[in-house]
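If you read the sequences in order, they're chains A and B. In terms of numbering that gives the first Met the number 0, the first sequence opens at residue 0 and continues consecutively. In terms of numbering that gives the first Met the number 0, the second sequence opens at residue 0 and continues consecutively. For every residue, glycine included, the Cβ atom is placed at its ideal position computed from N, Cα and C. Predicted, not measured: the structure shown is a model, and the values here were computed from it.
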Amino acid sequence: MTTTQSHRVQTHEPILELNDVSVTFSMDRGDSRVVDEVTLDIERNEVLGIVGESGSGKSMLASALLDAVVEPGTVSGEITFNPQDEPSVSVLALSKGDRQRFRWEQIAMVFQGAMSSFNPVRTIRTHFVETLSAHDEDIETGMERAAGILEDLYLDPERVLDSYPHELSGGMKQRALIALSLVLEPEVLVMDEPTAALDLLMQRSIIGLLEEIKTQYDLTIVFITHDLPLVADIADRVAVLYAFEIAELGPTEEILSEPAHPYTRLLLKSTPNLQAPIESMQPVDGAAPDPVNVPDGCSFHPRCPLADETCRASDPDPAAVSARHTADCHHYEAAPGAIPIEPPEMDEIQRTPSHHDAADEPLLSLDELEVHFETEQKGLGLFSDPETVNAVDGVSLDIYENDVVVLVGESGCGKTTLGKAAIGLQEPTGGAVQYRGQDIYGDGSDVDATDRFTADEIRRALQIVHQDPGSSLNPHHRISAILEAPLKQWYDDLDGNDRQSRILGLLEHVGMTPADDYIDRYPHQLSGGEQQRVALIRAMLLNPELILADEPISALDVSLRVEMMDLLIQLQETFNTSYLFVSHDLSNARYIAEKTGGRIGVVYLGELVEIGPPEQIIHDPQHPYTRALRWATPQLTYRDDRAQTPPIRTIDIPDPTDPPSGCRYHTRCPQARAVCAESVPETKPGSDAVGHDVACYRVQDDHDYWEDDPIDDADLD
Amino acid sequence: MVFNNWRIRRVGQAVFTVWAVLTLSFALVRLMPGNPMGAMLVQLEQSGMNPARARELVEARLSVRPDEPIPIAYVNYLTSTVQGDLGQSIASGEPVANEIAQALPWTLFVMSWSLCITFILGVVVGALMAYWEGGRLDVGLTSWAILMGSIPFYVLAFLLLIFLSYRFGWFPAGGKYVAGTEPGFNLPFISGVVYHAILPVISMLVASGVASLGMRGNSIRVLGSDYLRVARLRGLSDLTISSQYVARNAILPMYTTLLISIGEMFGGSVVLEQVFQYKGLGYYLYRAVNIRDYPRMMGGFMVITIAVVIALFIADMTYSMIDPRAGGSSNESY
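Okay, here's the thing in structure tokens:
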């Protein structure tokens, strides 16, 4: 385990020196410079975080370190490996053969897409063997080393090596890829968004593992990400990239607590997290520049609140903020005063109280809902029984009018299936869903004919907004046609002009102006955020009573997320709908739930383990799984406890076809005791707060649990 | 849950298709107005045979007894077909099954060679095009592939006949082997067989145009994949990358196409063998159509259908062996 001091590099001993490194692509529109004269030293044994929005050139910079920029891009400048010791290597001048050896033996790289970084038709073992033999290493000792690394990454070497890539989960694949990158014992590991496709808990666990691996294998890590809070957990120094240049570079602690560049300050403010008051979170206005057309002077000036003539005229050089902290800004001294990160003063926070009380009739009521999927057996057994995945298992939940419930959980835990079953898109295999007292999957005979809703009315009342707006809009229809369809269906008394004016009004309402221009476009002519707005308006035009928003912001750029969430919240107030949100990110869940006075529900392996107001879930979680999720959520502060042992016992989620007995979390729970493996804890109030329920024996003070022995290596407390 | 297993479902599908084809041909003979029975009767009677004798002959040849109730006749027909009794040829009086057994190997010989060469040619040319994507070679070969793909094989067959056979006399214009050689494993016979098969095989190679375009697309997709990039960074040799990474993954989708094209080849052999006077199954079928030899036609069609059904069945069953991701279900994360 590393010491907490490791971020302070005592000696100045660079392992990689970059001098005026640029990456250029020739395009029809002109030369596109996607890395612009970056000069940077990477210290031996440090973790350098490189942070930037998508399209800021961070991946290109990473590839340039190995001279691996894809054709037709060209790298210029100078990159020196091992500049102070012999043999020092000029990376860009290597011959083909030398370069082939240099890569992976000295600098290895891990890509974001672990899913696609393995050859799908060969086993993991073959990948290791190939790599070893390509570099003339002894296969046997090399494979022993590989097995050791896999074990250090909490993988079972035999099992993983004999698997095909598709047989491993995302997190396992990512760790296998890390092991593959370390098999030749490189000095430097470049990681390009290595955890972006993973769940928070897996992300955080891998970050923790990286710290151990780094010490054990004596590595220097360059960690590239769009996620500032994530890198805060591991990096010693952080470089913030904006418009293909480094905007600010300094020790992680200083970048987080006293950033000097206006962009860094705005970026920090726009990032949802668990601690800062939500009122202080604001999006960064404007958009990052196009590489062909970078603004003159300081490239950030069009978006910068401090910009003046100097900024428009001249490109700032790095200014020393402190000994090891530089910012490329003319006004770095004024920035902290002009862009406060903490809100000036904490007003009495206006939070909408919960709209409902227990006496209200729920809008939608889930009763012991179960959705089981049967999967087919692999292998040659002709008469084997199919396996069953219990995607949703016995969930009961009431959603009221104007209510907001956010479901969080790891991927594959059944939160989306639960949402779909709730709005009538996935027929449950057990339990019932009632819309105002009527079973939505029944024929309506359970209620009096006078109160009965038709299937169409229920369908209209329960709507969905999908995760990927690009594929939920018909690419061959114009926006006007897409938005007119629901109106034609439900309001046949409106004529064409009425429909048009209603659509225009809504488009303007969500900030898509000029609306006249937008309605004639096709979906591909809109940005991701705009597409999602159209999808949202389309759902809203039906005047639904409940919208299932399935990860509606996860496909968007980080700086757009807060804006989108604000819009969702505003629309909810305007249209008086209820939301059932699905999210894998606790920070986003907290933002939505806190702003709307809603609840957060935590789902684990098809069960709702804890639900309650965001204050309780975030600040006083009762279920150990909620605590693990909270631990996994990156924070924007420098944490002294960042290398602490994770509050879970195993990283990988159990096989959903064979869920653990008793409490399903007991295999990972650090507080599990014998009884947890035997019986399922019933749901009990978790605190005095209204609507806070927890399914864990630990909230029952008088339960036998407290007398039991802890299982395996669980703590006793 | 027996039917949950896709293999069992797949066997069921194959059996159903074969049954459907048998039933359709039964209906064809029995129920259609101006049916084969009537046609055959008229034919025989016109040739001066007395009606009772003609009827007897028809019953024997078609395995049809008109006075039999249809359900019983249907069952009898199915059982005799399953036992390999396809009736007797009108023209020769020989059992159809024997005739087919003699003709089929020749067609299979030509077909398997064309399939093999088409596949290899398609893969190699497609890979070359993909490797030099956008280059001069790519443009040239793409034009060639489109040209090949758009020429009907029989047009090429005629061109080959006119030039290579009649004009230059390099190849024989018809026949299956050199007259006078002793059929069996001896050099003169085998070389004669190969010599006679060359032009028919070349004619069928037009299919390689489409195959190479498919391979080109697949290869370009693989060339852009992340795992290829990682493989290069890992320093793997070009040989490993091109064979184990690019070719292996690009060929996968072509495997099914290959087996599907068996059907096309059988269909094509009807015209091809006529053009080259090559006496295989296709030639035999063509003649049967011309002289309205229904037992032969039905037998031939049935053999072709069953061959295609079997080919597709094999394709489905073996695909999981070459692609570990296929196989009905995923067992992700164990």
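Length of the line joining the Cα atoms of residue i and residue j
i, j, result
"residue 654 of chain A", "residue 203 of chain A", "20 Å"
"residue 107 of chain B", "residue 112 of chain A", "46 Å"
"residue 316 of chain A", "residue 261 of chain A", "15 Å"
"residue 82 of chain A", "residue 184 of chain A", "19 Å"
"residue 313 of chain A", "residue 325 of chain A", "17 Å"
"residue 483 of chain A", "residue 517 of chain A", "14 Å"
"residue 230 of chain B", "residue 559 of chain A", "35 Å"
"residue 684 of chain A", "residue 588 of chain A", "21 Å"
"residue 298 of chain B", "residue 158 of chain B", "32 Å"
"residue 251 of chain A", "residue 693 of chain A", "37 Å"
"residue 128 of chain A", "residue 181 of chain A", "13 Å"
"residue 38 of chain A", "residue 58 of chain A", "16 Å"
Neighbour flag for residue i against chain A, beta carbons, 7 Å
i, result
"residue 68 of chain B", "no"
"residue 324 of chain B", "yes"
"residue 135 of chain B", "no"
"residue 229 of chain B", "yes"
"residue 220 of chain B", "no"
"residue 235 of chain B", "yes"
"residue 244 of chain B", "yes"
"residue 247 of chain B", "yes"
Residue i at chain B interface by Cβ criterion, 7 Å
i, result
"residue 630 of chain A", "no"
"residue 345 of chain A", "Confidence in residue 345 of chain A is poor, its pLDDT being 37 and thus under 50, which makes the residue's placement too unreliable to answer from."
"residue 15 of chain A", "no"
"residue 410 of chain A", "no"
"residue 124 of chain A", "no"
"residue 129 of chain A", "yes"
"residue 96 of chain A", "no"
Helix, strand or coil at residue i [DSSP, three-state]
i, result
"residue 61 of chain A", "helix"
"residue 183 of chain B", "coil"
"residue 223 of chain A", "strand"
"residue 24 of chain B", "helix"
"residue 250 of chain A", "strand"
"residue 278 of chain B", "coil"
"residue 13 of chain A", "strand"
"residue 315 of chain A", "coil"
"residue 361 of chain B", "Outside the displayed range of chain B (0 to 333) lies residue 361 of chain B, so it cannot be described from this structure."
"residue 48 of chain B", "coil"
Range covered by the alpha helix (DSSP H) that runs through residue i
i, result
"residue 297 of chain B", "293-321"
"residue 218 of chain B", "206-222"
"residue 128 of chain B", "95-130"
"residue 336 of chain A", "334-337"
"residue 145 of chain A", "138-151"
Proximal residues of chain B, C-beta to C-beta of residue i below 8 Å
i, result
"residue 65 of chain A", "232"
"residue 112 of chain A", "225"
Within chain B, partners of residue i - CB distance below 7 Å
i, result
"residue 116 of chain A", "225, 226, 229"
"residue 108 of chain A", "232"
"residue 323 of chain A", "By Cβ distance, chain B contributes nothing, its closest Cβ being about 31 Å from residue 323 of chain A, past 7 Å."
"residue 103 of chain A", "232, 233, 234"
"residue 215 of chain A", "The contacting residues do not exist; residue 215 of chain A stays about 22 Å from chain B at best."
"residue 120 of chain A", "247, 248, 322, 323"
Bounding residues of the beta strand (DSSP E) (the contiguous stretch that carries residue i)
i, result
"residue 549 of chain A", "545-549"
"residue 108 of chain A", "106-109"
"residue 272 of chain B", "Per DSSP, residue 272 of chain B belongs to no beta strand (DSSP E); it is in the alpha helix (DSSP H), 247-274."
"residue 717 of chain A", "Residue 717 of chain A is absent from the model: chain A starts at 0 and stops at 716."
"residue 689 of chain A", "Run containing residue 689 of chain A: none; DSSP gives neither H nor E here."
"residue 455 of chain A", "Unbroken run through residue 455 of chain A is the alpha helix (DSSP H), 454-460; no beta strand (DSSP E)."
"residue 533 of chain A", "Run containing residue 533 of chain A: none in the beta strand (DSSP E); it sits in the alpha helix (DSSP H), 527-540."
"residue 577 of chain A", "577-582"
"residue 238 of chain A", "236-241"
Contacts that residue i makes with chain A (C-beta to C-beta distance below 8 Å)
i, result
"residue 239 of chain B", "129, 133"
Cβ-heavy atom distance, residue i to the ligand NAD, below 6 Å
i, result
"residue 38 of chain B", "By its list of ligands, the structure shown contains no ligand whatsoever, and the ligand NAD lies outside what it can speak to."
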